[in-house]
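First to last, the sequence lines map onto chains V and Y.
Under this note's numbering, think of the first position of the first sequence as 3, with each following residue one higher.
Under this note's numbering, think of the first position of the second sequence as 3, with each following residue one higher.
Just so you know, even glycine gets a beta-carbon here, dropped at the ideal spot from N, CA and C.
As structure tokens, the structure follows; a few thoughts come after it.
There are 2 protein chains.
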Amino acid sequence: MRENTLFQPLTPEILSDLKKAVGADKVLADGSNRLRRYGHDQVADDPDSRAPDAVVFAGSTADVVKVMEIANRAHVAVTPRGGGSGLSGGAVPIYGGIVLSTEKMDAIIEVDTENLIAVVEPGVVTSSLDQVLEPHGLFFAGYPMSEEFCTVGGNVAENAGGGRAVKYGVTGRYIVGLEVVTPAGHVMQLGGKRLKDVTGYDLVSLIVGSEGTLAIVTKVFVRLMPRPVHRSALLAFFPDTTTAISTLPRIVSTHRIIPSSAEYADAFCLREACLMVRETLPYETAGAMMLFESDGPDAAIVDREIGTIESVCAASGALHTYRADTEKTAARFWKIRKQIPWALKHHAKLNALEDIVVPVASIPSMVRDIARIAEEHSIRIPCFGHAADGNLHATVLAGDDSEQSFREKLPPVLEQLYTAAAGYGGTISGEHGIGHKRVKYLPIVMSQSQIEIFRGIKAVFDPNGILNPGKIVVAAEHGDYNRAV
Amino acid sequence: MRENTLFQPLTPEILSDLKKAVGADKVLADGSNRLRRYGHDQVADDPDSRAPDAVVFAGSTADVVKVMEIANRAHVAVTPRGGGSGLSGGAVPIYGGIVLSTEKMDAIIEVDTENLIAVVEPGVVTSSLDQVLEPHGLFFAGYPMSEEFCTVGGNVAENAGGGRAVKYGVTGRYIVGLEVVTPAGHVMQLGGKRLKDVTGYDLVSLIVGSEGTLAIVTKVFVRLMPRPVHRSALLAFFPDTTTAISTLPRIVSTHRIIPSSAEYADAFCLREACLMVRETLPYETAGAMMLFESDGPDAAIVDREIGTIESVCAASGALHTYRADTEKTAARFWKIRKQIPWALKHHAKLNALEDIVVPVASIPSMVRDIARIAEEHSIRIPCFGHAADGNLHATVLAGDDSEQSFREKLPPVLEQLYTAAAGYGGTISGEHGIGHKRVKYLPIVMSQSQIEIFRGIKAVFDPNGILNPGKIVVAAEHGDYNRAV
């Protein structure tokens, strides 16, 4: 929790204005447990989490405009929030004030099958959109691991990646238009039902991934793709990370196959997840796991691709490979993969789920560096993630450390981790974002002049600095913790 | 040519500083014909074209830094330039000053086959990069129609589209990193050899398509794809635009095929191009043409896709369809398509090659609107382009009009054209950019608050407004021709 000397408190007068503007039933400000739920996201034991003074459940763009007009005039902090599934504290109201929830704005406004574009409100749960698209033979190619509870607005805010990004790219590739409300309460229409657009600076891409710090997304135009009706999965156990990762360039360059998924886990992650889901496969001897998936419109091709991937795995020294011939078996494999973060959380309530990215070919070296850092600090840092993107969820576990000892250990561990990733030309977050969790580490991967440009852009959209303050970048007058680690 | 009261002239002292900084052999300032070549791009008879006072042929990032430091200190306008193949006057030095050519920075620094990323200087000609990648079985999926003379830096500046964007997307999808020099002369490294990155605002996407108004690109990290070794083309003649375009949703939604190309031309474009290349196919009776291409790693699948597309064309009422079974025949079909802009230029030296975008399903209505506008103004506006992207190169031809009469007619014609596109949720440029040609028309497709955000972003990067002035957006103090048409 931060000292709040930067923003005006939410006075009874402002609260009353809010209730008058949007309707009292949309405003929660009773200090209840329900209010506290809006004080954190999925970051484990975030020391900066705190309940907001009020949550406004916006029902429409007009509601968002009214809230922003009131808050901007009164200099009250506003933190936008989707499904609360974030992993970097992006939706945490660290300065209190208002949490603006878009979860009630959950209409799928249109599925335009002629132009292959869906228009949705930001509160639509990602998997709900998928269910609506399925009968049309279409899909939204974003596939965050939290699809059952994250929202499309949150996906846009974080530029969510996930399990299919290697083939389909991240969320931003499919966002062709946005309606946004600026901190001053202006509605802007950016892009729309058009597939190409070079009419000035690309504000759609600027808003995507900006973590709700520049504007509030109130409508999303999603480009749809033909749904791949066939899918096949392959689980492979390897003696170590090097052999596991060595499969990737062979699959892509030599065999010209871009799998729809290529997920990695080290021995610890594999074992903990398998124990938790009571998996009976012989995972104990494996030093690393890869989960591949291929998809497409043609069963024969999908099978052939998975067959080729299986051969590459065998030739690269896989201990065992298992093909999923049924949806049920594929689901069993994905269950292992999806269980990993929960298994790690179960193992250590206190943990830091990280999100570094390195060039794919540097994964084995990076994994060795992680082991070295862990040993140096007598701490465990298991690792899993989206291998073909070079995106590793190294997860620092508290183990036997006390809360205080872990909190003291963590910053130097993260600094070494991030510095190692930067050394390979990588960065500190691939899909979870900076939020407030990684703000102070930005200088490890970018120059002061780049951070100043971030600050400048923030000030262009939000001169009063009221929208999601303390995330990504900290306005100069709000302190200088972007300046030094 | 604009009055220049905004910038300092290039004095003999500044010229001497430039020569000292980068070497006299890299500076051209002799008022020669060669200098005049740097005063225009491919826009036909641009009334604002003018020779720069000097061209600097930068040989390295260090050269670019030195030029920007000198120009920024002295308030001299700098217009960056790639291959000069632009179609919106983006590289035209409308205020004189320095043209900073990157054409000598043409090194392919690295083809990293493990990480599938090429690192190149901005002056590399797009097709040269392709030739270097071919032996590796890789390719850069951008495919601007001017690939033989446009440069990668120019592709980045304009976010170039082209003939394969329907399947592969535009240039920006493949740009994972940039080295840029800011107007003040700071070198910034944005992104790099990493496939995912949410470390703050997406400056890579902001620079892509910014037409050299925010920073000068000095290095490009291009994501490479497995090269599709098989390719097949289909040329189809239709009675009219409606039947031609009606094939697209059937191909994509019903048959789940995303062709690598789906090019459209109306009867006039088809006839003029066929006449020029002495094509003998029976094009005279056709009201519209479609050129489809399918590509991929497997010949059988490519053939099957083109077969399906052929059936859809027949079922939609195609008059004739022709399959290219050889590369030679495919090249013959593409020759017709690529000849169109030259045939139109040949038909009318005075012309305006436009670049509107509409939702794909609105193409037939848009084409009818174009015919109506043409009739109303007694002017010819033939139309061709990238149909599956909704990107139409409507081209206003002077015909019998005198230069003066054409210049008077053009603004209301363009205003109507752009307004019609905007009415369908489209925009005024899909891939050619705003340059200085379309600056005054921006308010047709965007609100004043969005233009103010553009101005704010421009000022963050370029407080003195010296970098490519007059393009995309005009700083408030430089006049208000963004304000009204």
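Asked: Counting pairs of beta carbons, one from the segment 395-410 of chain Y and one from the segment 321-337 of chain Y, are three or more of them closer than 8 Å?; Found: no
Asked: Could you check which residue in Y:T115, Y:E149, Y:E116, Y:N117 has the C-alpha nearest to that of L131 of chain Y?; Found: Y:E149
Asked: Within this structure, are the beta carbons of N74 of chain Y and P146 of chain Y separated by less than 8 Å?; Found: no
Asked: Hey, quick one: how far does the alpha helix (DSSP H) through M448 of chain Y stretch, first residue to last?; Found: No alpha helix (DSSP H) contains M448 of chain Y, which DSSP labels as neither H nor E.
Asked: Checking contacts by CB at 8 Å: is I365 of chain Y closer than that to chain V?; Found: no
Asked: Once DSSP output is grouped into helix, strand and coil, what is the label at T13 of chain V?; Found: coil
Asked: Do R52 of chain V and G91 of chain V have their CB atoms nearer than 8 Å?; Found: no
Asked: Beta carbons nearer than 9 Å to chain V: which residues of the segment 178-193 of chain Y have them?; Found: G179, T184, A186, H188, V189, M190, Q191, L192, G193
Asked: Please classify T287 of chain V: is it buried, with 16 or more other beta-carbons within 10 angstroms of its beta-carbon, or exposed?; Found: exposed
Asked: Any beta-carbon of chain Y closer than 8 Å to the one on D204 of chain V?; Found: yes
Asked: Check whether the segment 458-473 of chain V touches the segment 79-96 of chain V, taking contact to mean three or more Cβ pairs, one atom from each stretch, closer than 8 Å.; Found: yes
Asked: Note the first and the last residue of the continuous alpha helix (DSSP H) segment covering E307 of chain V.; Found: 301-317
Asked: Give the residues from the segment 93-120 of chain V that approach chain Y closer than 9 Å (Cβ to any Cβ), ordered along the chain.; Found: D114, T115, E116, N117, L118, I119
Asked: Enumerate in chain order the residues of its own chain whose CB-to-CB distance from V254 of chain Y is below 8 Å, with the five nearest sequence positions on each side excluded.; Found: I260, A390
Asked: Please determine if the segment 110-125 of chain V and the segment 360-370 of chain Y are in contact, where contact requires at least 3 C-beta pairs separated by less than 8 Å.; Found: yes
Asked: Residues in its own chain within less than 7 Å of G298 of chain Y by CB, not counting five upstream and five downstream?; Found: P230, H232, V304
Asked: Would the C-beta of R229 of chain Y count as close to the ligand GDP, meaning under 7 Å from any of its heavy atoms?; Found: Annotation note on the ligand GDP: not contained in the displayed structure, which lists no ligands.
Asked: On the DSSP letters alone, give me the boundaries of the alpha helix (DSSP H) that F239 of chain V sits inside.; Found: That residue, F239 of chain V, is in no alpha helix (DSSP H); its beta strand (DSSP E) goes 232-240.
Asked: Please classify N470 of chain Y: does DSSP put it in a helix, a strand, or coil?; Found: coil
Asked: On the three-state DSSP scale, how would you describe L352 of chain V?; Found: coil
Asked: Within 10 angstroms of the Cβ of N35 of chain Y, are there 16 or more other Cβ atoms? Answer buried if so, exposed if not.; Found: exposed
Asked: Identify the continuous alpha helix (DSSP H) that holds V66 of chain V and give its terminal residues.; Found: 63-76
Asked: From the DSSP output, in three-state form, read off A486 of chain Y for me.; Found: Caution applies to A486 of chain Y, whose pLDDT of 37 falls short of 50 and renders its modelled position unreliable; the model cannot decide the point.
Asked: Any C-beta of chain Y within less than 9 Å: which residues of the segment 400-422 of chain V qualify?; Found: none
Asked: Just confirm the distance between the C-beta atoms of L174 of chain V and S207 of chain V, as a whole number of angstroms; I'd bet it's less than 8 Å.; Found: The amino acid occupying residue 174 of chain V in the given sequence is Gly; Leu does not appear at that position. About 6 Å separates the two Cβ atoms, so the contact holds.
Asked: List the residues that DSSP assigns as beta-bridge partners of E112 of chain Y.; Found: Y:V121
Asked: What are the start and end residues of the beta strand (DSSP E) that includes I100 of chain Y?; Found: 100-103
Asked: Closer than 8 Å, CB to CB, is N161 of chain V near chain Y or not?; Found: yes
Asked: Hey, which unbroken runs of the alpha helix (DSSP H) at 4 residues or more fall wholly within the segment 143-229 of chain Y?; Found: 154-160, 167-170, 205-209
Asked: Please confirm whether A56 of chain V and L12 of chain V have their CB atoms less than 8 Å apart.; Found: yes
Asked: According to the neighbour-count rule (16 or more other Cβ atoms, all chains shown, within 10 Å of its Cβ), is G33 of chain Y buried or exposed?; Found: exposed
Asked: Candidates Y:A302, Y:P343, Y:R196: which alpha carbon is nearest Y266 of chain Y's?; Found: Y:P343
Asked: Using the rule of at least 16 other Cβ atoms within 10 Å of the residue's Cβ for burial, across every protein chain shown, is K330 of chain Y buried or exposed?; Found: exposed
Asked: State whether the segment 429-441 of chain V contacts the segment 155-171 of chain V, with contact taken as three or more CB pairs (one from each stretch) at a distance under 8 Å.; Found: yes
Asked: Which chain V residues sit within Cβ distance under 7 Å of G86 of chain Y?; Found: Residues of chain V passing the Cβ test: none, with the nearest at roughly 18 Å.
Asked: Please confirm if N393 of chain Y has its CB atom under 8 Å from at least one CB of chain V.; Found: yes
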